[in-house]
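Our numbering numbers the first residue of the sequence shown as 1 and each following residue consecutively.
The block underneath contains the structure these notes are about, expressed in structure tokens.
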Amino acid sequence: MDTFFLEGARVWHRHKEQLLPATVSSCNDSSLVLTTDYGKVMHLQREELNRETVYLMHPSSIHGVEDMSTLAELHEAAIMHNLFLRYKKDNIYTNIGSILAAVNPYKQITGLYDAAAVALYSKHQMGELPPHIFAVANECYRCLWKRHDSQCVLISGESGAGKTESTKLLLKFLSCDESKLCRYSSLREDQQGGAGPGPEQNRVVRQNPGERNYHIFYALLAGTDNNHRDMYLLSEGAESYHYLSQSGCVQDNSLDDKQLFDSVMEALKVMEFTEEEIRDMFKLLSAVLQMGNIEFMTAGGAQITSKGVVSNVSELLGLDSFQLSEVLTQRSMILRGEEICSPLTVEQAVDSRDSVAMALYSQCFSWIIMKINQKIKGKENFKSIGILDIFGFENFEKLGMLALINEESRFPKGTDYTLLEKLHSRHATNPYYVKPRVNDHQFGIKHYAGEVLYDVCGILEKNRDTFRDDILFILKDSRLDFIYDLFEHVGSRSGDETLKMGTARRKPTVSSQFRDSLHSLMATLSASNPFFVRCIKPNMDKKANQFDSDVVLNQLRYSGMLETVKIRRAGFPVRRTFRDFYSRYKIILKIKIHSDDEKQCCSDLLTLQDKDKQEWHLGKTKVFLKEALEQRLEKEREEVRHRAGMVIRAHILSYVARKQYKRILSSIVTIQKNYRTHFWRRKFLRLRLATIVLQKHYRGRSGRFLYRCLREQKQKRDEEEKRRREEEEQERRLEEERRRMEEERRQQEVEEKRKREEEEERQRLLHEEMEKREEELRLMKEEEQKMAANTNEKSSSLVNGVCQKSQALSSSHSSEEESRQMEEILRLEREIERLQKQQEDSMSLLGDVPKEELRKMRDAEIYRLEKEASRVATEFLDLLDFGGLEPSLSSEENLHDPTESTAPLAEEEVDEGFPAEDECIPLPDFPPLAKVPLAKDVLQSIPPPPPAFAEGQVDAPSSSKLSPLTPNGHPQTSRPPAPPAVVTNGKKQAHGSSRGSDLEHATEEPSHPIMPDAESDYDQEEFEEAHGSSGGQYQRWQYHR
């Protein structure tokens, strides 16, 4: 063994013309054990080892590099191994100069595409940060302003390699910053044609095994709710739709269809799509899905077996179901002014169905792009960034296949087999053309991706007919405005717009449309500065963390990755004109070159960067640079610009600072001025407010003084007026009172005269009666001697009987008179009180009348009223005279004469009283009445009653009951009615209460006589009259006895 490898050494092992990265597991003199990075264990014997089969790996290949143009080992294995090392570390992006290689991870890598990554890569140039799709987008945007021309990004790779995701990431970076918004042109190509702005139409109706249809269909099924599902006539799962389930793949574990639907809805709202437009788009997508479920059978031509699906499609598109069924199963042509209908086969009906589905999806996609471009449209001459994911058709075009197919399609007798014979005869010797040995209806083309076989069956028919006019007309007749707008400007095959694309009176073919679109695309790309993104699929199962070396190597080979690396390493990909180059990089020169020769100026500038001329060359009109030198020039230019910018920034900041200082100083002066104004104004306002307050109080004081004066004057006038009115009222009342008193006096005189006459008559009758009784007493005196013995025993009972009889007689004759007299006394007392109050009120109102005069007037009036009351009381006591009683009275008829008239009652006067608001003059309180005990000898001195009284023959009157005798043998008299209250010194004093208490004491203790009140004239006179009358009666009784 020539070379001994240490255990763990990294080596390259050539196995079947393929280099494999491996690690030495063991090494001895006889054998070598290697473990490849792809999991294989290789046992090599000594005779198999040489420097061609096993050799050490360069350090650049051991650890991996970010830019594969810097690899020391340039072969496919080194490139694939470098991609593998970075793939294991989730570094899916690798640079090849300015070309970006992207390996699809089939998983979400945290933080790789968030807003922080966008912000980071937008601030750095390409090469300063690790490789990333955002670095390509940022460099593309920088070149848009640096080169002043349009830019384009060409994204290549197999289906499932991540071309669409790369396109979305580029748009995401350019759209995150509003300053980067420009007009986008999203251009795509498919394998069989259909160029121009739009999607792969063929993918809508058929997919490769293991691939899904467009994501929007799965997102629509997963994201719509029940209400919208019913509106769009959708079923539950993707398995029920032919266009989604024919490839056998309906689920992508790396995608969340529900979240994708939410993202699409949010994006549509951001771009200001209306609810109606979104609803119409989703109806169209549902119609496309259900159109794939339309099935046919052969029955005299193609017949539709799923009528319900046709009804659903017609409802979603606003079409007539019968007309839709006809255009799918029949072909309508106009020949010499007549419409000719011919039935279609099942295969042709399926093609018609698929063409309608593709046309609907393509027109909807174009409409969405048009709406977005209208929202972000700039100026007409604004430069754009084009993004294109495309497969290669360069060999197909170089061989003239398109022209030959188009020419054969125009021959009336041309068939698929005549086309195949022409292809074999014309290109049999061409190295890119493949003539199969077995199949008689195929031919092959050697593309850069490999050899591809094409089937000529039905190729001319498909080339002649792209989209039938009858299908176009029925879509234009849709009841929905959305469907009509999609196909309004789509021309028919016989229209003027379509005739321009082919020869006169010839129908345009698919190949001619594709050729014209491809030429237009190449013209656009030629006028743009290109950037390249190579997408690589790590495995065929679309699984994460799985790297299939054979699959990757095949993609590296047909994509020309090795040649690209070699060209980028050995060639000069950067090409700039002398004027453009010098005008851009002359700012890095410290000493200015004064020369009109632009080529010499460029040479001097590049010599300062690379004296050996290894990284640059000068042509006739352009400078050729390697990318490394261009990056150094760009970096140095950015540094010079940064320093210049800092100087400019410093001057601008100083200018702004000075301007700000002056503005602040001016503001301070203004603030001070305004503050001083504010301060003195506030002080002025305070002084003015204080002055106003003082004025207010002074004016208030003056006004109140004037008001008091006016009020006093008014009060005086009111008081004088009131006094005058009161005096008039008092005079009127006094006059009325005088008239009333005069009237009463006259009535009393008449009454007194009448009473005197009645009293004289009564006295006369009483005198006659007394004379009769004296005669009877004389006769009885004689009998008394006989009854001497009985006289002593009955003396006490006789006294009681006499008292009872006298009391009964007095009660019977004077009950009415007593009532009248009591009412008169009460009336006089009320009148006294009223007059006293009236006089007191008059004294309070007439302040100018002397108090002495008022007192005299009051005393005179009181004296008059008291005399009147004494007179009435005297008349009352006169009724209590027992002097006329005879002991011979033995019956109630003798004691009471019904014919005897009594004095009429005086008219009761109504106490008018005084007003409640009149003020009373208080009088001094008089001392209470003295309680004198009644002497017992007064009752003992009463003589015994007559025998009739003693024997109980005289009954007490019904109106008055006799009181029982006391234990001492004296009669217990009833309590007389209480006299009315007497006004004494301005206060009412109830005689009844004092009299009542005196009578109670007299009843309990009859031995103590009731003494009159020394301070009351009324009591003294009453007492004297009562005792006078009783004494007279007692003397008369003694006399008769």
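Virtual Cβ for every residue (Gly too), placed ideally from N, Cα, C.
Taking one beta carbon from each stretch, the stretch 466-481 and the stretch 403-422 have fewer than 3 pairs nearer than 8 angstroms; the two do not touch. Between residue 530 and the set 100, 427, 431, 29, the nearest pair of CA atoms involves 100. In its chain, beyond the 5 residues on either side, 95 have a beta carbon closer than 6 angstroms to the beta carbon of residue 67.
If you draw a straight line from the Cα of residue 606 to the Cα of residue 407, it is about 54 angstroms long. Residue pairing by DSSP places residue 296 opposite 304 in a beta bridge. Fewer than three pairs of CB atoms, one per stretch, sit closer than 8 angstroms, so the stretch 515-523 makes no contact with the stretch 4-22. Annotation: the continuous alpha helix (DSSP H) that includes residue 690 extends over 627-786.
For residue 257, the enclosing alpha helix (DSSP H) covers residues 257-270. In this structure, the straight-line span from the alpha carbon of residue 706 to that of residue 699 is close to 10 angstroms. Taking 8 angstroms as the upper bound for CB-CB distance, residue 87 and residue 103 are in contact here, some 5 angstroms apart. Distance from the CA of residue 23 to the CA of residue 46, rounded to the nearest whole angstrom, comes to 17 angstroms.
Shortest Cα-Cα distance from residue 452 to any of 433, 438, 440 involves 433.
Residue 81 sits buried, since 16 or more C-beta atoms from the chains shown fall within 10 Å of its C-beta.
Here the stretch 245-265 lies against the stretch 215-224, with 3 or more beta-carbon pairs under 8 angstroms apart. Sequence-distant Cβ neighbours of residue 630 in its own chain, meaning closer than 8 angstroms and more than five residues away, are 574. An exposed status is given to residue 333, since fewer than 16 other beta-carbon atoms sit within 10 Å of its beta-carbon.
Across the set 536, 545, 138, 323, the C-alpha of 536 shows the shortest separation from the C-alpha of residue 559. In the structure shown, residue 10 adopts extended strand secondary structure according to DSSP, grouped into three states. Residue 616 is classed as buried because its beta carbon has at least 16 other beta carbons within 10 Å across all chains shown.
Between residue 131 and residue 84, the C-beta spacing is not below 9 angstroms. Of the other Cβ atoms in all chains shown, 16 or more fall within 10 Å of the Cβ of residue 98; this residue is therefore buried. Under the three-state reduction of DSSP output, residue 360 falls in the helix class. In the DSSP secondary-structure assignment, residue 105 is not bridged to any residue.
Ranked by Cα distance from residue 490, the first of 480, 306, 473 is 473.
In the three-state scheme derived from DSSP, where H, G and I count as helix and E and B as strand, residue 56 is classed as strand. The DSSP-derived three-state label of residue 28 is coil. In the structure shown, residue 549 falls within a helical segment according to DSSP collapsed to helix, strand and coil. For residue 94, the enclosing beta strand (DSSP E) starts and ends at 93-96. When the beta-carbon positions are compared, residue 106 and residue 476 stay at least 9 angstroms from each other. In the three-state DSSP reduction, residue 574 falls in the strand class (E or B).
A direct Cα-Cα distance of roughly 5 angstroms separates residue 314 from residue 321.
Here the C-alpha atom of residue 73 lies approximately 57 angstroms from the C-alpha atom of residue 279. It is roughly 20 angstroms from the alpha-carbon of residue 635 to the alpha-carbon of residue 601. Under DSSP, the beta-bridge partners assigned to residue 331 are 342. Taking every protein chain shown into account, the CB of residue 133 has 16 or more other CB atoms within 10 angstroms, so this residue is buried.
Beyond the five residues adjoining it in sequence on each side, residue 237 comes within less than 8 angstroms, by CB distance, of 221, 250 in the same chain, given in chain order.
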